[in-house]
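**Q** Counting from 1, position 121 in the sequence shown corresponds to residue 121 in full-length UniProt numbering; the numbering is continuous, with no gaps.
For glycine and all other residues, C-beta sits at the position ideal for the given N, C-alpha and C.
Encoded as structure tokens, here's the structure I'll be asking about.
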Amino acid sequence: MANPKPKDKVYENLQYRIITNSLKPGDMLNEKDLVEHYRIGRTPLREVLLQLQTENLLQIIPRVGIIVAQIDIQQIKDIIEMRRELEGLAGQMAAERVTGEQLEELKNIYQKLKKCLASENQDVEKLAQYDQNFHHKLYEATQNKTLKSTLLSLNRTTSRFWYHIAYQNNDLSYQFEDLETILEYVEKRDATNARKALTNHLDRVVTKMKNHLF
Numbered sequence: 001m002a003n004p005k006p007k008d009k010v011y012e013n014l015q016y017r018i019i020t021n022s023l024k025p026g027d028m029l030n031e032k033d034l035v036e037h038y039r040i041g042r043t044p045l046r047e048v049l050l051q052l053q054t055e056n057l058l059q060i061i062p063r064v065g066i067i068v069a070q071i072d073i074q075q076i077k078d079i080i081e082m083r084r085e086l087e088g089l090a091g092q093m094a095a096e097r098v099t100g101e102q103l104e105e106l107k108n109i110y111q112k113l114k115k116c117l118a119s120e121n122q123d124v125e126k127l128a129q130y131d132q133n134f135h136h137k138l139y140e141a142t143q144n145k146t147l148k149s150t151l152l153s154l155n156r157t158t159s160r161f162w163y164h165i166a167y168q169n170n171d172l173s174y175q176f177e178d179l180e181t182i183l184e185y186v187e188k189r190d191a192t193n194a195r196k197a198l199t200n201h202l203d204r205v206v207t208k209m210k211n212h213l214f
């Protein structure tokens, strides 16, 4: 596998810093400082910034500057409505099409998440990363590249909101307790119940977060 290009690394790092709230809504970014920090040219940096703007993570305002975008609650609500249906479809297709190797990878990710969740000092970033990895592997198991890329894009947008809520919530278990059930149905190749489990998972998370959404 080819090594990521410097521009890709900058994109991934900036995206990660915004999603994990290291760069907070309203923070101003200085293009010159970013060029020096990442040791990248202005042209590739601007391409990265424009890409992040299309993902609603940055705002580039002429004569004002580069600003970390606010979290758009209405957009989050719209995306969750879409994800509810598409995640259910992904669960169904994964149960029908998952390979043995993908199933073992899902089990491995879940065990890591479970161990992290049981630790005395929960690492929010690590938990969120394992959760993301689980969902991404599930999307891959659908063997449908279009569905996978669509869900990954929607997931990136809502991930920032999940991080924001996670840091305000001491009890993170509700976000992950459905994953074992999902995994069991996928392993049994029970497509109907795998679909229901994914849909119920989104419903439960939204119910817990309704005070932030509505």
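1. Check this for me: beta carbons of Leu154 and Arg83, under 8 Å apart or not?
2. Does the stretch 17–36 come close enough to the stretch 147–164 to have 3 or more Cβ pairs within less than 8 Å?
3. Indicate whether Ser159 and Gln132 have their beta-carbon atoms separated by less than 8 Å.
4. Indicate the three-state DSSP secondary structure (helix, strand or coil) for Ile71 in the structure shown.
5. What's the gap between the Cα of Leu58 and the Cα of Gln74?
6. Span of the beta strand (DSSP E) holding Leu57?
7. My output table needs one value for Ile66: the three-state DSSP class, helix, strand or coil.
8. For a quick check, are the C-beta atoms of Arg195 and Gly91 less than 8 Å apart?
9. What does a CB cutoff of less than 7 Å around Leu198 pick up in its chain, not counting 5 residues either side in sequence?
10. Looking at the strands, I want to know which residues DSSP matches up with Met28.
11. In terms of alpha-carbon separation, which member of His201, Glu187 and Arg189 lies closest to Leu179?
12. Under three-state DSSP, which class holds Phe134?
**A** Let's see:
1. As a position in the sequence shown, residue 154 is number 154, starting the count at 1. As a position in the sequence shown, residue 83 is number 83, starting the count at 1. Against a cut-off of 8 Å, the Cβ pair of Arg83 and Leu154 comes out as a contact.
2. yes
3. Along the sequence shown, one-based indexing puts residue 159 at 159. Along the sequence shown, one-based indexing puts residue 132 at 132. A contact, by the Cβ cut-off of 8 Å.
4. Translated into the one-based positions of the sequence shown, residue 71 becomes position 71. Reduced to three states, the DSSP call for Ile71 is coil.
5. For the purposes of this step, residue 58 is taken as the residue at position 58 of the sequence shown. For the purposes of this step, residue 74 is taken as the residue at position 74 of the sequence shown. Straight-line measurement puts the Cα of Gln74 at about 17 Å from the Cα of Leu58.
6. Looking up residue 57 in the sequence shown gives position 57. Here Leu57 belongs to no beta strand (DSSP E), and DSSP marks it neither H nor E.
7. Start at 1 with the first residue of the sequence shown, and residue 66 comes out as number 66. In this structure, Ile66 counts as strand in the three-state DSSP scheme.
8. Looking up residue 195 in the sequence shown gives position 195. Looking up residue 91 in the sequence shown gives position 91. Yes, the pair counts as a contact, with Cβ atoms nearer than the cut-off.
9. Mapped onto the sequence shown, residue 198 falls at position 198. So the list reads Glu87, Gly88, Ala90, Gly91 and Ile182, once near-sequence residues are dropped.
10. For the purposes of this step, residue 28 is identified with residue 28 of the sequence shown, where counting begins at 1. Ile67.
11. Here residue 179 refers to the residue found at position 179 when the sequence shown is read from its first residue. Residue His201 is the option with its Cα nearest to Leu179.
12. Reading the sequence shown from its first residue, position 134 is the one you call residue 134. Helix at Phe134.
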